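**Student:** One structure, pasted below without further comment.
Numbering (this note's numbering), first residue to last: 13 to 289.
Take a look at the structure:
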């Protein structure tokens, strides 16, 4: 009896366990929750290589304007033939620069081309004015010789000395690179010497005419005196109003004073002032 109850209890327990095992589904363990990690992106600092662009605009435009102005003057004055090679070089450089993009900053090469063009036209102007200065000086020296022929250094010493100074100023300007200024000085000197010559020559011509008229009157007086002497002899005594034909009517010029000596200038500027190297 007791064994039956034991087996019955054992069966009950086993059944209950089987029922519980079959009737209930074991729950799965929940997966671990992963926390969302927000990573803030830190901007990376990229070191940029800054290339400095040299702005030659101001210097370029100045050199270009200078070159164009010089070319215009050369064309206007007809100076190109004084240094044709330099003129052609400058003109070619300007033509090449005329097609440059005005928006793009000019580089070193364009600046050098503009400066070279300006220098080429400078060479033309220099050659032109040196040649013109030499010609102007020759004219000034020739005009001085005319003034010397009428003794301008004596009768108009102050004006004569001023004209000589202009020539010497021109010589100094020529050898120091101021050929253009030298042209002006020589031209003023030539004008001064010419004015002196013409004025003195005219005055001397008038004086000479007066002398000739006076001599004519003396001759007429002598003729009348001879006729009168035949009629009314007076002997050798001088008569008032009758001038001897050999009488000096004008005071003789004294050109022996050293301070009144004419200044000597050479005909060639290279001898007078030295040729520029």
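Even for Gly, the Cβ is constructed at its ideal location relative to N, Cα and C. Being a predicted model, the structure only gives us computed values, none of them experimental.
(1) Of all Cβ atoms in chain D, is any one closer than 7 Å to the Cβ of residue 211?
(2) Could you give the distance in angstroms between the alpha-carbon of residue 211 and the alpha-carbon of residue 136?
(3) Considering only their Cβ atoms, is the gap separating residue 195 from residue 144 smaller than 7 Å?
(4) Between residue 78 and the rest of its own chain, which residues show a CB-CB distance below 6 Å, the 5 nearest in sequence each way excluded?
(5) Out of 146, 177, 181 and 205, which one is the CA nearest neighbour of residue 167?
(6) Excluding the 5 residues flanking residue 72 on each side, which residues of the same chain have their C-beta closer than 7 Å to its C-beta?
(7) Should the region 181-201 be regarded as contacting the region 141-158, the criterion being three or more beta carbon pairs within less than 8 Å?
(8) So what does DSSP say about residue 91, is it helix, strand or coil?
(9) Excluding the 5 residues preceding and the 5 following residue 76 in the sequence, name in chain order all residues of the same chain whose CB lies nearer than 6 Å to its CB.
(10) Assuming contact is defined by CB atoms lying nearer than 7 Å, are residue 191 and residue 133 in contact in what I supplied?
(11) What is the C-beta distance between residue 80 and residue 106, in whole angstroms, given that I count them as a contact (C-beta under 8 Å)?
(12) Suppose the cutoff is 6 Å on Cβ atoms and the five residues either side in sequence are ignored; what does the same chain contact list for residue 98 look like?
(13) Please list the terminal residues of the continuous alpha helix (DSSP H) segment that includes residue 179.
(14) Given a cut-off of 7 Å, decide if residue 208 and residue 164 are closer than it, judged by their beta-carbon atoms.
**Tutor:** Reading from the atomic positions:
(1) You won't find chain D in this structure, because it holds only one protein chain.
(2) Here residue 211 refers to the residue found at position 199 when the chain shown is read from its first residue. Here residue 136 refers to the residue found at position 124 when the chain shown is read from its first residue. Using only the alpha carbons, I get a separation of about 39 Å.
(3) Translated into the one-based positions of the chain shown, residue 144 becomes position 132. Translated into the one-based positions of the chain shown, residue 195 becomes position 183. Contact: yes.
(4) Along the chain shown, one-based indexing puts residue 78 at 66. So the qualifying residues of the chain are 130.
(5) Translated into positions along the chain shown, residue 167 becomes position 155. Of the candidates 146, 177, 181 and 205, the one whose C-alpha sits nearest the C-alpha of residue 167 is 205.
(6) On the chain shown, position 60 is the one that residue 72 refers to. The answer, listed in chain order, is 118, 122, 123 and 126.
(7) yes
(8) Numbered from 1 along the chain shown, position 79 holds the residue referred to as residue 91. Residue 91: coil per DSSP, three-state reduction.
(9) The residue labelled residue 76 in the question sits at position 64 within the chain shown. Excluding positions up to five away in sequence, the list reads 126.
(10) Stepping through the chain shown from its first residue, residue 191 is reached at position 179. Stepping through the chain shown from its first residue, residue 133 is reached at position 121. It is not a contact, given that the beta carbons lie outside the stated cut-off.
(11) Locating residue 80 in the chain shown gives position 68, counting from the first residue. Locating residue 106 in the chain shown gives position 94, counting from the first residue. Yes, they are in contact, since the Cβ atoms of residue 80 and residue 106 sit about 7 Å apart, within 8 Å.
(12) As a first step, residue 98 must be located in the chain shown, where it is residue number 86. If we look at residue 98 and ignore the five residues flanking it on each side, its Cβ neighbours are 132, 135 and 136.
(13) Residue 179 sits at position 167 when you count from the first residue of the chain shown. From DSSP, the alpha helix (DSSP H) with residue 179 extends over 169-187.
(14) Here residue 164 refers to the residue found at position 152 when the chain shown is read from its first residue. Here residue 208 refers to the residue found at position 196 when the chain shown is read from its first residue. Contact: yes.
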